[in-house]
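Enquirer: This is the structure I have questions about; it appears just below.
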Amino acid sequence: MNHLSSSCASEVTRNVVMDGKAFAQKIRAEVAEQVPAFVADAGRQPGLAVVLVGSDPASQVYVRTKMRQAAEVGIKSFQHLLGVDTTQAQLLSLIEILNQDDSIDGILVQLPLPKQINETAVIEAIDPAKDVDGFHPINVGRLSAGHPGMVPCTPLGCLLLLQDRLGDLSGLKAVVVGRSNIVGKPIGQLLLNANCTVTTVHSRSQHIVEECRQADILVVAVGRPCMIGDEHIKPGAIVLDVGINRIADAQGETRLVGDVDFDAAITTAGGLTPVPGGIGPMTVACLMRNTLTAARQRLLAH
Ligand code: NDP
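Take our numbering: the last position of the sequence shown gets the number 334, and nothing is skipped along the way.
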């Protein structure tokens, strides 16, 4: 049952670093290969609307990356850049227009939103069939019930990477650090649906090191630079580092690090995603995959 014990020694020497960038490229290539069949059936490209409110520099980078990758795989993207003073009513009326627009299969509202806008109201206004982020309560409920629906991109990327490395995940012990609605909770649900035994730990949990050391699969989504060291890791475990933290070094140069201390963890883990180049690229690739899935499902429903 335990896929790790038998293959651990060879995995460590063969390939501990899990190259999310390369795997994401493979997913995008699969989407690109499947888009022409959709175009032939639907008479149009799949359509993705990307909505950005305000001018947060990190969000601008994410939106540009999503638009570029959409174009590369044959998805037509529509950018909606709204001013930082946009009201909730204005954003909701744009979403209603996008909901009604038949050429749009996926609607992505880049988070976070400015403080005058209630994120929950916005997420709940998106047609669940076009909810390519998988944050709408209908899709959250479907995931929780183990029914088909739109699955959030980062958790989906984690699952695909794990299945690529380990195959069937049944019976493995998974520990998820973090319980946010967009990352920790849906990852836990996906792993449970994949027949893992799942424990979620969070800021109020006790004995986190001991909990983590039980894990065959350790997924960390906290937002605290390098909080997970080799003492948290069972030898041979697969460790996915979702965290993205920008830190400054002694010279004042900034760089991205994850929630896992990479140099420490690499000596113990059987597989480890780097930051950058791990889960981040998988997230965007899964957005492309979700958009094509939504397009196909909408076509079937019509
Ligand atoms: P949130 O801040 O929403 O959630 C953080 C979670 O970590 C909370 O559940 C919190 O617990 C828990 N936590 C905080 N401190 C501790 C601690 N000391 N010990 C154990 N648990 C703790 O963050 P997100 O889930 O949105 O994001 C997490 C990280 O992932 C961030 O770095 C973010 O940038 C990154 N991210 C990366 C993505 C990618 O594409 N790679 C996509 C999305 C996010 P509690 O609930 O008790 O407060």
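Ideal placement from N, C-alpha and C gives every residue a C-beta, glycine not left out.
Quick one: residues in its chain with C-beta nearer than 8 Å to the C-beta of Ile149, no 5 flanking neighbours on either side, listed in chain order?
Expert: Val85, Thr118, Thr119, Gln120 and Leu123.
Enquirer: Please report the straight-line C-alpha distance between Ser181 and Cys318, rounded to a whole angstrom.
Expert: For the record, residue 181 in the displayed sequence is Gly; it is not Ser. Straight-line Cα distance between these residues: approximately 14 Å.
Enquirer: Nearest to Ser109 by CA position, among Arg100, Ala64 and Ala54, is which residue?
Expert: For Ser109, the nearest C-alpha among the options comes from Arg100.
Enquirer: Looking only at its own chain, which residues have a Cβ that is under 8 Å from the Cβ of Thr286, when we skip the five neighbours before and after it?
Expert: Closer than 8 Å at the Cβ level, and outside the excluded window around Thr286, lie Arg278, Ile279 and Ala280.
Enquirer: Using a threshold of 8 Å, state whether the C-beta atoms of Val63 and Val105 are closer than that.
Expert: Yes, Cβ-Cβ distance for Val63 and Val105 is below 8 Å.
Enquirer: Tell whether a beta-carbon distance below 8 Å holds between Ala205 and Asp273.
Expert: At residue 205 the sequence reads Lys, which differs from the Ala that was named. Contact: no.
Enquirer: According to DSSP, which residues form a beta bridge with Ala280?
Expert: In the DSSP output, where bridge partners are listed per residue, Ala280 has Thr286.
Enquirer: Using 7 Å as the cut-off, classify the Cβ of Met320 as near or not near the heavy atoms of the ligand NDP, replying yes or no.
Expert: Met320 Cβ: outside cutoff for every heavy atom of the ligand NDP.
Enquirer: Three or more C-beta pairs closer than 8 Å, one from the segment 285-300 and one from the segment 165-172: is that the case here?
Expert: Flag = no, the segment 285-300 and the segment 165-172 do not touch.
Enquirer: Could you tell me which residues DSSP puts in a beta bridge with Leu110?
Expert: Looking at the sequence itself, residue 110 is Phe, so the reference to Leu does not match. Ala81.
Enquirer: If I'm right that Leu80 touches Leu140 with Cβ under 8 Å, what's the distance once you round it to whole angstroms?
Expert: Leu80 to Leu140, Cβ: 7 Å. Contact.
Enquirer: For the beta strand (DSSP E) holding Lys205, just list the boundary residues, first then last.
Expert: Lys205 to Val209 is the span of the beta strand (DSSP E), which, as asked, contains Lys205.
Enquirer: Among residues of its own chain, excluding the 5 on either side of Arg211, which ones have a beta-carbon nearer than 7 Å to its beta-carbon?
Expert: Correct list, in chain order: Lys217, Thr232 and His234.
Enquirer: On the CB-based measure, 16 or more other CB atoms within 10 Å of its CB, does Asp165 come out buried or exposed?
Expert: So Asp165 counts as buried.
Enquirer: Could you give the first and the last residue of the continuous beta strand (DSSP E) run that contains Val233?
Expert: That run of the beta strand (DSSP E) goes Thr229 to Val233.
Enquirer: What residue range does the beta strand (DSSP E) around Asp273 cover?
Expert: It spans Ile270 to Asp273 - the beta strand (DSSP E) in which Asp273 sits, taken as one unbroken run.
Enquirer: What distance in whole Å lies between the Cβ atoms of Ala226 and Arg330, which are believed to be in contact at a cut-off of 8 Å?
Expert: Their Cβ separation, rounded to whole angstroms, is 27 Å, which puts Arg330 and Ala226 out of contact at 8 Å.
Enquirer: So Leu145 and Ile136 are supposed to be a Cβ contact under 8 Å. How far apart are they, rounded?
Expert: 20 Å between Cβ atoms; not a contact.
Enquirer: What are the boundary residues of the beta strand (DSSP E) that Leu140 is part of?
Expert: Leu140 -> beta strand (DSSP E) spans Gly138 to Val141.
Enquirer: If you draw a straight line from the C-alpha of Val307 to the C-alpha of Arg256, how long is it?
Expert: Rounded to the nearest angstrom, the two C-alpha atoms are 13 Å apart.
Enquirer: To the nearest angstrom, how far is it from the Cα of Glu156 to the Cα of Val82?
Expert: Taking the straight line joining both Cα atoms gives about 16 Å.
Enquirer: Taking 7 Å as the cut-off, is the beta-carbon of Thr186 closer than that to any non-hydrogen atom of the ligand NDP?
Expert: Checking every heavy atom of the ligand NDP against the Cβ of Thr186, one is found closer than 7 Å.
Enquirer: Tell me whether Arg211, by its Cβ, gets closer than 7 Å to a heavy atom of the ligand NDP.
Expert: Checking every heavy atom of the ligand NDP against the Cβ of Arg211, one is found closer than 7 Å.
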